[in-house]
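S.K.:
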Amino acid sequence: MPLDYRITQRLSILSKELRDSAAALREAITQLGDAAVEAETLGETDLTLYSTIDLMLLGQVKELDDLARRLIRNQIQAHQHHEAFDAAKDSASISHTVEGISEKYQHGCKARARALRAVPQAQRYMDDPNYLDFRQRIWEVKHPDEEMPIPGQEANGAREDDEVIIETARTSLHCPLTAQYFENPVMNPSCRHNYSKTAVESYVNGLIRQRRSAPCPIPGCQALLSINVLQPNPPLGRMVMRAKQREEEEAASQYPSQAIREVD
């Protein structure tokens, strides 16, 4: 069947619906974070992190954390379906026919699912800024002036999923291109790495002018970059803002007299 205007419009609508589904799941995770913060605020136990982060996830908060992880899995799957559909749609646009588009879509979904299964489950969470922000917000309810710590390794040397997640929260606040705190961070959905928006746009455009592809600047990552597919990462931006605020408060506490003079 030839690809006419009506079919093209319908495919575009379907693509938008898939993209909106993934966005709705991200918004649900944010709202779930609001509920978890409220539950943690109402809790009576002062939870302190020692060998495992799960000490702070009791009762309702733990249940909300489990639900957040399920939403993350669904969000990743929705994003994969959107990617596979767009790839099949682009192929149909090139060939000017919708023949085989369903098979290409299904093949794309299966290929992405296989690739995801090869990634450890902890890695899937630690790469998701929405989940990291969810955990950070819970921690800050009872520890507003403390950085979320890195628990020690288990006796056998194995790392718990939560430990890996929290370590990433502390080490992923700097842009790989500028080595500075992220500014207006965006994420590459292909590899889920983050960059400062202006820096990555300059990087990609510079390579395009040289007629070269733009690989992800993270060492060892084989993903390619395209400005059109970069996604804003507001949760990561909030994490950076909190980190900067903590640094400013620490600096002010170390030099109180200087801070007072500056105010005067």
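Numbering (the numbering used here), first residue to last: 83 to 346. In this text, a Cβ means the ideal position worked out from N, Cα and C, and glycines have one as well.
Going by beta-carbon coordinates alone, are Asn-287 and Ser-278 separated by less than 8 Å?
M.R.: Your numbering for residue 287 matches position 205 in the sequence shown. Your numbering for residue 278 matches position 196 in the sequence shown. Result no, Cβ atoms of Asn-287 and Ser-278 do not sit closer than 8 Å.
S.K.: Between Ser-184 and Leu-100, what straight-line distance do the alpha-carbon atoms span, to the nearest angstrom?
M.R.: Within the sequence shown, numbered from 1, the residue matching residue 184 stands at position 102. Within the sequence shown, numbered from 1, the residue matching residue 100 stands at position 18. Ser-184 and Leu-100: Cα-Cα distance of roughly 15 Å.
S.K.: Starting from the C-beta of Val-119, find all residues in its chain whose C-beta is less than 8 Å away, skip the five residues before and the five after it, and write them out in chain order.
M.R.: Locating residue 119 in the sequence shown gives position 37, counting from the first residue. Arg-219, Ile-220 and Val-223.
S.K.: Going by C-alpha to C-alpha distance, which of Asn-315, Gly-115 and Ser-272 sits closest to Ala-296?
M.R.: Walking along the sequence shown from the start, residue 296 turns up at place 214. The shortest Cα separation from Ala-296 among Asn-315, Gly-115 and Ser-272 belongs to Ser-272.
S.K.: Report the CB separation of Gln-162 from Arg-194 in whole angstroms; it is logged as a contact under 8 Å.
M.R.: Translated into the one-based positions of the sequence shown, residue 162 becomes position 80. Translated into the one-based positions of the sequence shown, residue 194 becomes position 112. Going by Cβ atoms, the distance from Gln-162 to Arg-194 rounds to 4 Å, so yes, they are a contact pair.
S.K.: For Cys-298 and His-178, what's the separation of their Cα atoms in angstroms?
M.R.: For the purposes of this step, residue 298 is taken as residue 216 along the sequence shown, with counting starting at 1. For the purposes of this step, residue 178 is taken as residue 96 along the sequence shown, with counting starting at 1. Approximately 31 Å, taken between the alpha carbons.
S.K.: Looking at C-alpha atoms only, which residue of Gln-188, Ile-111 and Gly-182 is the closest neighbour of His-51?
M.R.: With the chain covering 83 to 346 only, the question about residue 51 has no answer from this structure.
S.K.: Which word fits Ala-166, buried or exposed, when buried means at least 16 other C-beta atoms lie within 10 angstroms of its C-beta?
M.R.: Position 84 of the sequence shown, counted from the start, is the residue given in the question as residue 166. So Ala-166 ends up on the buried side.
S.K.: By a C-beta neighbour count over all protein chains shown, 10 Å radius and 16 as the cutoff for buried, is Ile-154 buried or exposed?
M.R.: Taking the sequence shown and counting its residues from 1, one reaches residue 154 at position 72. Ile-154 is buried by the Cβ-count criterion.
S.K.: Using the C-alpha atoms, what's the distance from Gly-302 back to Asp-210?
M.R.: For the purposes of this step, residue 210 is identified with residue 128 of the sequence shown, where counting begins at 1. For the purposes of this step, residue 302 is identified with residue 220 of the sequence shown, where counting begins at 1. In a straight line, the C-alpha of Asp-210 is about 19 Å away from that of Gly-302.
S.K.: Apart from the five residues on each side of it in sequence, which residues of its chain come closer than 7 Å, Cβ to Cβ, to Leu-107?
M.R.: Counting from one through the sequence shown, the residue named residue 107 turns up at place 25. Around Leu-107: Leu-153, Asn-156, Gln-157 and Ala-160.
S.K.: Can you find the residues in the same chain that come closer than 8 Å, C-beta to C-beta, to Gly-319, ignoring five residues on each side of it along the sequence?
M.R.: Here residue 319 is taken as the residue at index 237 of the sequence shown, counted from 1. Result list for Gly-319: Phe-264, Asn-266 and Pro-267, in chain order.
S.K.: What do you get for Gly-190, buried or exposed, if any count of 16 or more other CB atoms within 10 angstroms of its CB means buried?
M.R.: Residue 190 sits at position 108 when you count from the first residue of the sequence shown. Gly-190 comes out buried.
S.K.: In angstroms, rounded to a whole number, what distance separates the CA positions of Asn-350 and Gln-205?
M.R.: Past the boundaries of the shown model lies residue 350; the chain is included only from 83 to 346, so the question cannot be answered.
S.K.: Given this structure, state the Cα-to-Cα distance separating Gln-113 from Met-321, to the nearest angstrom.
M.R.: Locating residue 113 in the sequence shown gives position 31, where the first residue counts as 1. Locating residue 321 in the sequence shown gives position 239, where the first residue counts as 1. The straight-line gap from Cα to Cα measures roughly 17 Å.
S.K.: What do you get for Asn-310, buried or exposed, if any count of 16 or more other CB atoms within 10 angstroms of its CB means buried?
M.R.: By 1-based counting over the sequence shown, the position of residue 310 is 228. Asn-310 should be labelled exposed.
S.K.: Count the other CB atoms within 10 Å of the CB of Ala-281; is the residue buried (16 or more) or exposed (fewer)?
M.R.: For the purposes of this step, residue 281 is identified with residue 199 of the sequence shown, where counting begins at 1. Counting Cβ neighbours within 10 Å, Ala-281 comes out buried, since at least 16 surround it.
S.K.: Can you tell me whether DSSP reads Val-180 as helix, strand or coil?
M.R.: Taking the first residue of the sequence shown as position 1, residue 180 is located at position 98. Coil, per DSSP.
S.K.: Looking at Ile-111 and Phe-216, is the spacing between their C-beta atoms short of 8 Å?
M.R.: Taking the first residue of the sequence shown as position 1, residue 216 is located at position 134. Taking the first residue of the sequence shown as position 1, residue 111 is located at position 29. Yes.
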